[in-house]
Amino acid sequence: MGRITLDKVRKAFGDVEVIPPLDLTIEDGEFVVFVGPSGCGKSTLLRLIAGLEDVSGGQIRIDGEDATMVPPAKRGLAMVFQSYALYPHMSVRRNIAFPMKMAGLPQDEQDRRIEAAAKALNLTDYLDRRPGQLSGGQRQRVAIGRAIVREPAAFLFDEPLSNLDAALRHGMRLEISELHKRLDTTMIYVTHDQIEAMTMADKIVVLQGGVIEQVGSPMELYRAPRNIFVAGFIGSPKMNLLTGEEAAKRGAHTVGIRPEHVSISTTEGTWKGTVGVAEHLGSDTFLHVHREGAVDPMTVRVDGEFSAKHGDTVWLTAQEDQIHKFDAEGLRIA
Amino acid sequence: MATQHSRSAARFMMAPAVFLLLVWMLVPLSMTLWFSFRRFLPLRGGDQGFVWFENYTRFISSSAFWPSVQTTLIIVGGILLISVVFGILLALLLDQPMWGQGVVRILVIAPFFVMPTVSALVWKNMFMDPTNGLFAHLWRAFGADPVVWLSDAPLFSIILIVSWQWLPFATLILLTAIQSLDSEQLEAAEMDGAGHLSRFGYIILPHMSRAITIVILIQTIFLLSIFAEIFVTTGGAFGSRTLTYLIYQRVLESQNVGLGSAGGVYAIILANIVALFLMRIVGKNLDA
Ligand SMILES: Nc1ncnc2c1ncn2[C@@H]1O[C@H](COP(=O)(O)OP(=O)(O)O)[C@@H](O)[C@H]1O
Ligand SMILES: [Mg+2]
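Going down the list, the sequences are from chains A and B. Residue numbering for the first sequence follows numbering that gives the first Met the number 0, beginning at 0 and increasing consecutively. Residue numbering for the second sequence follows numbering that gives the first Met the number 0, beginning at 0 and increasing consecutively.
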C-alpha cells in the first residue's frame with residue numbers, strides 16, 4: 000500500500016517560502032511525475048515526502064496515517080537520488096544489502112532478495128564490484144536495486160536519469176516504467192524534462208514556483224492545459240502562442256496552436272510566410288515559418304518527406320477546433 | 000628534437016635545486032656515518048681514529064637503549080591515538096552548523112601556531128605545576144592531593160602536551176574529509192534505516208579512512224623526533240627518555256660524538272622501518 004496525501008503542506012527556508020500551502024493526493028500504485036522548471040521546488044517537495052526536510056506547516060499522511068513527524072527510515076519509502084548516492088567503499092552486493100542489514104533481516108532472506116533484484120536489473124555479474132568500477136547506467140541500476148529490496152510502500156526518484164546520456168536515458172525510462180508495471184508500487188518521479196513526464200506518468204503534477212499549476216494525466220494536460228504555463232511546458236516542440244489581433248479575432252487574450260495542428264501549403268492558407276530553419280528528425284520535420292507581420296516564427300510539424308527550402312513562400316492554416324484560448328490572466332477559456 | 004632540447008634545458012635549470020637538496024641531505028648524513036665509525040670525545044682527547052662498529056654495539060647494548068625505543072613507541076602511539084580519536088570527535092562537532100563557527104575554528108587551530116618549547120613551558124608551569132598549576136588548584140578544590148604530573152605520570156604528561164599541539168592538525172584534515180562527504184550518501188543511509196552510530200560506522204568513518212592514514216603518516220614522521228617538549232619538562236628523567244633524547248644525551252651530556260652518531264643511524268633505520276610500514280598501509284588505502 001502506498002497512498003500519500005499532502006494536506007496544506009508548506010515549506011519555508013528562513014523567510015523564503017519555497018512551497019506555499021499545497022494539497023495533493025497520490026493514489027496507491029500510481030506513477031506520479033512532478034515536473035517543472037529548475038528551482039521550482041520539485042526536489043524540496045519530494046524531500047518533504049521522504050522526511051529529509053521538515054515541513055513548515057501542514058500534514059503528510061501515508062496510507063491514512065499521519066507521517067508528518069515520522070523519521071525518514073520509518074516511512075517505508077525508498078529514494079533514488081540524482082547522484083545515485085551509492086556507498087563507494089562497499090561492493091554492489093553490500094550496497095544493495097545495506098537497507099536490509101539495517102532492518103536486521105535474516106541472511107538467507109537478504110541473499111534471496113539480492114539475487115532477485117540483481118537478476119531483474121542485470122547486475123548478477125557485477126555484484127562483487129565497487130560502484131566506482133561501474134558505468135553510469137549500472138550505478139543507476141544499483142541505486143534502484145537498493146530501493147527495491149526494501150519492498151517500500153512507494154519509490155521516490157529525484158531526476159534519476161539526468162546524469163545519463165540520451166540513449167541510456169531512453170533505455171532506463173523504459174526499464175523504470177516496466178518496473179512500475181511489474182511491482183505495481185506507487186512511484187513519485189521528479190524531473191524537469193516534460194518528455195519523461197509525458198512518457199512515464201499516470202498522473203503529471205506541473206509545478207511552478209512551488210505552486211501546482213495543474214494535475215492530470217498526460218493526455219489531459221496535452222488536450223486541455225489549464226493555463227499558458229502548462230500549455231507552453233507540455234508538448235514538444237512548444238505550442239505557438241499568439242497575442243494581439245489573431246487572439247482578439249477568436250475572443251481571447253492569447254491563443255495557442257500546437258505545431259502538429261497547423262497545416263502547410265504552397266498555394267493557399269490563412270497566413271502567408273517564409274520558411275526559416277528546418278529541423279529534420281527523419282519521420283517529421285519542424286519548420287520555423289516567419290509569418291508576414293509577426294515577430295516570432297511559428298513552429299509547424301510537417302511530414303519528413305515534405306521539401307521546403309529556406310526562404311520559400313508557404314501558407315499556413317490552423318485547425319480551428321484545436322486552438323487553445325486563454326484570457327488576460329493566462330487562464331484557459333473553456 | 001624539441002622535446003629532447005627542452006628536457007636537457009629542464010635538467011639544467013633544475014640542477015641547482017637538486018644539488019642544494021643533495022648537499023643539504025648528504026653532507027649531514029655522511030658526516031653522521033663518518034663519526035659513527037670513529038672514537039670522538041671532544042673534551043677527552045678529541046678524534047681518536049676508527050673503531051668501526053664498536054659505537055654501534057655499545058649503543059645498542061647500553062641498558063638505556065631498549066627502554067628508549069619503548070618510550071618512543073609509547074609516546075608516538077599515545078599521541079596518535081589521542082589526536083586521531085579526539086580529532087574525529089572535534090571534526091564531527093565543528094562540522095555541525097553552529098553560532099560563531101569561524102571564530103571557533105580559528106581557536107581550534109591556534110595551538111598549532113604555538114612553538115613547542117613555549118607550549119611545553121606553559122603546560123609545565125601554568126597547568127601541571129604541583130603547587131601553583133591550574134590542575135593543582137582544581138584538585139585541591141575537590142579536596143584531593145595535587146598530582147605531581149611530570150614525575151608521577153611523565154609519559155602521560157608529555158603525551159598530553161604534544162597531543163594538544165597536534166590535535167588541531169588532525170582536526171583540520173579530518174574536518175575537510177568530513178566536509179567532502181556527499182550529503183546525499185548520508186541521506187540515503189538515513190532513509191535506509193541507519194541510525195547515527197551506523198551512519199558514522201558505515202559511511203563517515205570509511206570515507207575518512209584515507210585522511211586518517213595521512214594524519215597518522217605525517218604525524219609519525221614528526222613525532223619520532225620530538226625533543227623540545229621532553230627537554231623542557233622532564234629533561235629525559237623518570238623514564239621519559241626517547242631515542243632522540245638518548246642520542247642528544249650521548250652527544251652533549253656524555254660528550255661522545257661517535258656513540259651519538261651511531262644512535263642517529265639507528266634512529267634513521269627505525270624511522271625508515273616505520274615509514275615503510277606506513278607507506279604500505281597508505282598505499283593500499285590510496286589505491287582503493
Ligand atoms: N536547504 C535549502 N536552503 C535554502 N533554500 C533552499 C534549500 N533547498 C532548496 N532551496 C531553494 O528552494 C527552491 C527550490 O529548490 P529545489 O526544490 O531544489 O528545486 P528543483 O528541484 O525544482 O530544481 C530553490 O529556489 C532553492 O534555492
Ligand atoms: Mg532538484
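Virtual Cβ for every residue (Gly too), placed ideally from N, Cα, C.
Would you tell me roughly how many angstroms separate the C-alpha atoms of A:Leu370 and A:Asp53, rounded to the nearest one? As displayed, chain A neither begins before 0 nor continues past 333, which places residue 370 of chain A out of reach and without an answer.
Does the beta carbon of B:Ala193 come closer than 8 Å to any beta carbon on chain A? Here the question's residue 193 of chain B lines up with position 194 in the second sequence. Closer than 8 Å to some Cβ of chain A, the Cβ of B:Ala193 qualifies, so yes.
Cβ shell of B:Val264 (< 6 Å), same chain only, five flanking positions each side left out: As a position in the second sequence, residue 264 of chain B is number 265, starting the count at 1. The answer, listed in chain order, is Ser35.
Beta-carbon spacing of B:Pro153, B:Thr243 below 8 Å: Here the question's residue 153 of chain B lines up with position 154 in the second sequence. Here the question's residue 243 of chain B lines up with position 244 in the second sequence. Their beta carbons are not under 8 Å apart, which means B:Pro153 does not touch B:Thr243 by this criterion.
Of the choices B:Met190, B:Phe168, B:Ser60, whose alpha-carbon is the least far from that of B:Leu222? Residue 222 of chain B sits at position 223 when you count from the first residue of the second sequence. Closest option to B:Leu222, Cα to Cα, is B:Phe168.
When A:Ile203, A:Gly231, A:Phe232, A:Gln207 are compared against A:Glu219, the one with the closest alpha-carbon: The residue you call residue 219 of chain A lines up with position 220 of the first sequence. Nearest Cα to A:Glu219 within the set A:Ile203, A:Gly231, A:Phe232, A:Gln207: A:Ile203.
If distances are taken between C-alpha atoms only, which option among B:Ser156, B:Gln69, B:Ile160 comes closest to B:Met114? Taking the first residue of the second sequence as position 1, residue 114 of chain B is located at position 115. For B:Met114, the nearest C-alpha among the options comes from B:Ile160.
Note down the Cα distance separating A:Leu45 from A:Leu182, rounded to an integer number of angstroms. Translated into positions along the first sequence, residue 45 of chain A becomes position 46. Translated into positions along the first sequence, residue 182 of chain A becomes position 183. Cα to Cα, the separation comes out at about 21 Å.
Are B:Ala274 and B:Leu174 touching if we call contact CB-CB under 8 Å? Position 275 of the second sequence, counted from the first residue, corresponds to residue 274 of chain B. Position 175 of the second sequence, counted from the first residue, corresponds to residue 174 of chain B. No, Cβ-Cβ distance for B:Ala274 and B:Leu174 is not below 8 Å.
Minimum C-alpha distance to A:Asp311 - residue among A:Asp164, A:Gly275, A:Arg140, A:Pro19: For this step, residue 311 of chain A is matched to residue 312 along the first sequence. Nearest in C-alpha terms to A:Asp311, of all of A:Asp164, A:Gly275, A:Arg140, A:Pro19, is A:Gly275.
A:Ser262 - DSSP class collapsed to helix/strand/coil: Taking the first residue of the first sequence as position 1, residue 262 of chain A is located at position 263. Of the three classes helix, strand and coil, the one that applies to A:Ser262 here is strand, per DSSP.
A:Arg2 - DSSP class collapsed to helix/strand/coil: Position 3 of the first sequence holds residue 2 of chain A. Under the three-state reduction of DSSP output, A:Arg2 falls in the coil class, being neither helix nor strand.
Closer than 9 Å at the beta carbon, the chain B residues around A:Ala49: The sequence position of residue 49 of chain A within the first sequence is 50, counting from 1. Result: Glu186, Met190.
Please say whether A:Pro20 and A:Arg2 have beta carbons closer to each other than 8 Å? As a first step, residue 2 of chain A is located in the first sequence; it is residue number 3 there, counting from the start. As a first step, residue 20 of chain A is located in the first sequence; it is residue number 21 there, counting from the start. A:Pro20 is positioned such that its CB atom lies no closer than 8 Å to that of A:Arg2.
Which residues of chain B have a Cβ atom closer than 7 Å to the Cβ of A:Met199, listed in chain order? Within the first sequence, residue 199 of chain A is the residue found at index 200, counting from 1. Under the 7 Å cutoff, chain B gives no residues; its nearest Cβ is about 22 Å from A:Met199.
Is there a C-beta anywhere in chain B that falls below 8 Å from the one on A:Ala153? Counting from 1 along the first sequence, the entry for residue 153 of chain A is found at position 154. Residue contact check for A:Ala153 against chain B: no CB pair falls below 8 Å.
Indicate whether the contact test is met: 3 or more Cβ pairs, each with one atom in the stretch 139 to 156 of chain A and one in the stretch 183 to 192 of chain A, closer than 8 Å. For the pair of segments examined, the stretch 139 to 156 of chain A was found to touch the stretch 183 to 192 of chain A: the number of CB pairs separated by less than 8 Å reaches three.
Contact with chain B by A:Pro130, beta-carbon distance below 8 Å: Counting from 1 along the first sequence, the entry for residue 130 of chain A is found at position 131. The C-beta of A:Pro130 comes no closer than 8 Å to any C-beta of chain B.
Is B:Leu251 closer than 8 Å to B:Asn54 when the C-beta atoms are compared? Here residue 54 of chain B is taken as the residue at index 55 of the second sequence, counted from 1. Here residue 251 of chain B is taken as the residue at index 252 of the second sequence, counted from 1. Contact: no.
Chain B contact for A:Pro296 (CB, 8 Å cutoff): The residue you call residue 296 of chain A lines up with position 297 of the first sequence. Taking Cβ atoms only, chain B never reaches closer than 8 Å to A:Pro296, which makes this a no.
Would you say A:Met68 reaches chain B, if we count a Cβ-Cβ gap shorter than 8 Å as a contact? Position 69 of the first sequence, counted from the start, is the residue given in the question as residue 68 of chain A. It does not: the Cβ of A:Met68 has no partner Cβ on chain B nearer than 8 Å.
Would A:Arg92 pass as a contact of A:Ile113 if the rule is Cβ separation under 8 Å? Translated into the one-based positions of the first sequence, residue 92 of chain A becomes position 93. Translated into the one-based positions of the first sequence, residue 113 of chain A becomes position 114. Cβ atoms of A:Arg92 and A:Ile113: closer than 8 Å.
Residues in its own chain within less than 6 Å of A:Ala72 by CB, not counting five upstream and five downstream? For this step, residue 72 of chain A is matched to residue 73 along the first sequence. Answer for A:Ala72: no residue qualifies.
Please say whether A:Phe80 and B:Glu183 have beta carbons closer to each other than 8 Å? Looking up residue 183 of chain B in the second sequence gives position 184. Looking up residue 80 of chain A in the first sequence gives position 81. It is a contact, given that the beta carbons lie within the stated cut-off.
Tell me which same chain residues have a C-beta within less than 6 Å of the C-beta of A:Met197, skipping the five on either side of it? Numbered from 1 along the first sequence, position 198 holds the residue referred to as residue 197 of chain A. Pro217.
Compute the distance between the beta-carbons of A:Leu76 and A:Ala49, then report whether it is under 8 Å. The sequence position of residue 76 of chain A within the first sequence is 77, counting from 1. The sequence position of residue 49 of chain A within the first sequence is 50, counting from 1. A:Ala49 sits close to A:Leu76, with the two beta carbons spaced by under 8 Å.
Just jot down, in chain order, the residues whose CB lies closer than 5 Å to any heavy atom of ligand 1. Counting every residue whose Cβ lies closer than 5 Å to a heavy atom of ligand 1, we get A:Phe12, A:Val17, A:Ser37, A:Gly38, A:Cys39, A:Gly40, A:Lys41, A:Ser42, A:Thr43.
Is the CB-CB distance between B:Leu277 and B:Leu216 below 8 Å? The sequence position of residue 277 of chain B within the second sequence is 278, counting from 1. The sequence position of residue 216 of chain B within the second sequence is 217, counting from 1. One thing to note: B:Leu277 has its Cβ within 8 Å of the Cβ of B:Leu216.
Distance cutoff 8 Å, beta carbons only. Does A:Met238 sit that close to anything in chain B? One-based indexing of the first sequence puts residue 238 of chain A at position 239. Chain B has no Cβ within less than 8 Å of the Cβ of A:Met238.
If you measure from the beta carbon of B:Ile202 to each beta carbon in chain A, is any gap under 8 Å? Within the second sequence, residue 202 of chain B is the residue found at index 203, counting from 1. Put simply, the CB of B:Ile202 is near chain A, with a gap under 8 Å to one of its CB atoms.
Bridge-paired residues (DSSP) for A:Met68: Counting from 1 along the first sequence, the entry for residue 68 of chain A is found at position 69. Bridge partners of A:Met68: none, in fact.
Does the distance from the CB of A:Pro87 to the CB of A:Arg145 come in under 8 Å? For the purposes of this step, residue 87 of chain A is taken as the residue at position 88 of the first sequence. For the purposes of this step, residue 145 of chain A is taken as the residue at position 146 of the first sequence. No, Cβ-Cβ distance for A:Pro87 and A:Arg145 is not below 8 Å.
Just to check my reading of the structure: A:Val301 and A:Ile332 have Cβ atoms closer than 8 Å, yes? What is that Cβ distance to the nearest angstrom? Stepping through the first sequence from its first residue, residue 301 of chain A is reached at position 302. Stepping through the first sequence from its first residue, residue 332 of chain A is reached at position 333. Distance from A:Val301 to A:Ile332 at the Cβ level is roughly 29 Å; contact not present, criterion being Cβ atoms closer than 8 Å.
When the cut-off is 8 Å and only beta carbons count, does B:Asp181 lie next to chain A? Walking along the second sequence from the start, residue 181 of chain B turns up at place 182. For B:Asp181, the answer is yes, since a Cβ of chain A falls inside 8 Å of its Cβ.
Endpoints, alpha helix (DSSP H) assigned at A:Lys400: In the structure as shown, chain A starts at 0 and stops at 333, and residue 400 of chain A therefore has no counterpart that could be examined.
Are the C-beta of A:Pro98 and some C-beta of chain B separated by less than 8 Å? Numbered from its first residue, the first sequence carries residue 98 of chain A at position 99. So, interface residue.
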